[in-house]
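Shown next, in structure tokens, is the structure this report addresses.
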């Protein structure tokens, strides 16, 4: 009996069965057979201008929607251009499936034209990957890829398919069940560990809920609100968890870490218990690890067993899906409290509130009358409101956005946290807008970051994806310049971009089919933002000419203790002298 369809058609049918509604990509020789059935598919294909854009767009789509993002590119340089987005998604636990073409199986290993061992190259930065040379294996590989990407700790999966596997004939059989040996993510937490954690929480006099991005991945923000209400403990949200807990909530102390609030950083340092939910004790949060939260016992709940004890020894480890973990932990704590086992944390809460009042985030207006970048970002957040989606590049503008935009909802803040990828914002915002077309999507970008991936504005213009881009233009690689100011005696080696002269960002935006605006005066900030907000049928780019030497404060210098947090070049007060 003859086989009925090509491997390429089987691939497209597999993607349709996996529930894919959109994918981002660029055709090329090895993947070309797949583009013929894509022509007839119900899946929307968005033709990007660079494969890196396809990867970041898939990430942005996934982060904004919670669904698996998909990109498709060809072999060799097409595939290697995905390495950065794959590493980015891997670091930030983003569910993503990347399809790459590969040279025909007979040529693999011969250094054929546009051959690259993308499976070997990406093995360290993917959750799993495949090389498929038999067309009969395509449906199984795609089904498994989506299952692996979306379950357990989410992450990117790459499926590399040889050109001849796409060209050969096969039959389509979508697997009815998936059973992967060795891959059984634990979602239900162990009851004894839950009870041990509840007892520690009941005994704690200075507890802090240390919330990471895993809470958003687990769709557990509502459950976290209830847990916080039951415990009464102060809450800190990491860079990847902004929006997991409302900024406006009385218990929220803000973001911890290198550029966190004084209250959040100090509360962690002085805590006697960290209730760690989906966070990984990242170096940007802990500072010098040996000095981090020295008096605290640790409860660590995470879906990934490899994270437990990786950076910090724990007292109670809870492996499981955070929605289930929090769902079981909350009533266990309530039971402890009802049994009369509950420490009085009133003094601790008041102390944290005092730090929050005494050391709020703030900035000074530039004395020369130029535009404050913090004010620009703060006003964007206030005028757009909590239903907007804010996507940042990497650097000073990223930190200011995390500080001065008020995040009230999960999946409203997208950024490259772990890898710190410049150029992330524009393509990720494009992906977010495709996934959430009803939301206002703002890319808050730097003039350095913007010049890495702005070509995807052409994609946005041609595909009616009306994102807004606010370029915080200080004509510098701002964060690097800040470090040169503080640690290299103001020796500004290769950080001057001259980008208030070249290029003209507003004209560049116009040339790419977008609306280009410019703001150079304080009094024009609101009017310019509102002008951009009124345009909803084209992408809009605003060039905000801002003060060059504004700095991100507070700051914990790399490699130093969180106790040495700096507030505008001054050390914070001697915390050891503060009574708790």
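In my numbering, the protein residues as written are 14 to 593. Beta carbons: idealized from backbone N, C-alpha and C, even for Gly.
Between residue 444 and residue 74 a beta carbon distance of about 4 Å is seen, short of the 8 Å cut, so the two are scored as contacting. Cα atoms of residue 364 and residue 306: separation of roughly 16 Å, rounded to the nearest angstrom. Bridge pairing for residue 183: 18 [DSSP]. Annotated as proximal: residue 224 and residue 250, with beta-carbon spacing under 8 Å.
If one requires a minimum length of 4 residues, the alpha helix (DSSP H) runs lying completely within the segment 408 to 475 are 409 to 417, 438 to 448, 460 to 466, 469 to 475, in chain order. In this structure, residue 352 keeps its C-beta atom at 8 Å or more from the C-beta atom of residue 335.
Cβ contact annotation for residue 308 (same chain, cutoff 6 Å, sequence separation greater than five): 285, in chain order. The alpha-carbon of residue 330 is positioned some 19 Å away from that of residue 233. Put simply, of 264, 520, 254 the residue whose alpha carbon is nearest the alpha carbon of residue 270 is 254.
By DSSP's assignment, residue 511 forms no beta bridge with any residue. Fully enclosed beta strand (DSSP E) runs of no fewer than 3 residues are not present anywhere in the segment 332 to 369.
Listed as beta-bridge partners of residue 315 by DSSP are 332. Nearest neighbour of residue 85 by Cα position, chosen from 68, 192, 481, turns out to be 68. The continuous beta strand (DSSP E) containing residue 220 extends over residues 220 to 224. Rounded to the nearest whole angstrom, the CA to CA distance from residue 30 to residue 155 is 9 Å.
A straight-line Cα-Cα distance of about 20 Å links residue 422 and residue 246. Boundaries of the alpha helix (DSSP H) harbouring residue 546: 538 to 546, taken from the DSSP string.
DSSP, reduced to helix, strand and coil, places residue 402 within a strand of the structure shown. Distance between residue 547 and residue 553, taken at the CA atoms: about 10 Å. Per the Cβ contact rule, the segment 525 to 540 is not in contact with the segment 496 to 506 (fewer than 3 Cβ pairs under 8 Å).
For residue 46, the CB contacts under 6 Å within the same chain, skipping 5 residues up- and downstream, are 21, 179, 180 in chain order. Contact annotation, residue 227 with residue 290: C-beta distance approximately 7 Å; criterion of less than 8 Å satisfied. The C-beta separation of residue 480 from residue 524 comes to about 17 Å, leaving the pair out of contact by the 8 Å criterion.
Where residue 57 is concerned, the enclosing beta strand (DSSP E) starts and stops at 57 to 60. For residue 101, the enclosing alpha helix (DSSP H) starts and ends at 96 to 104. Assigned with DSSP and collapsed to three states, residue 560 falls in coil, not helix or strand.
Check the Cα spacing between residue 411 and each of 476, 483, 470, 356: the tightest is with 483.
CA-CA distance, residue 55 to residue 476, rounds to 16 Å. Less than 8 Å divides the Cβ of residue 169 from the Cβ of residue 111. Residue 576 counts as buried, since at least 16 other C-beta atoms from the protein chains shown sit within 10 angstroms of its C-beta. For the pair residue 165 and residue 76, the Cα-to-Cα distance works out to about 16 Å. A Cβ-Cβ distance of about 6 Å is found for the pair residue 193 and residue 157, placing them in contact under the 8 Å criterion. By the Cβ criterion, the segment 397 to 406 is in contact with the segment 453 to 471, since at least three pairs of Cβ atoms, one from each stretch, lie closer than 8 Å.
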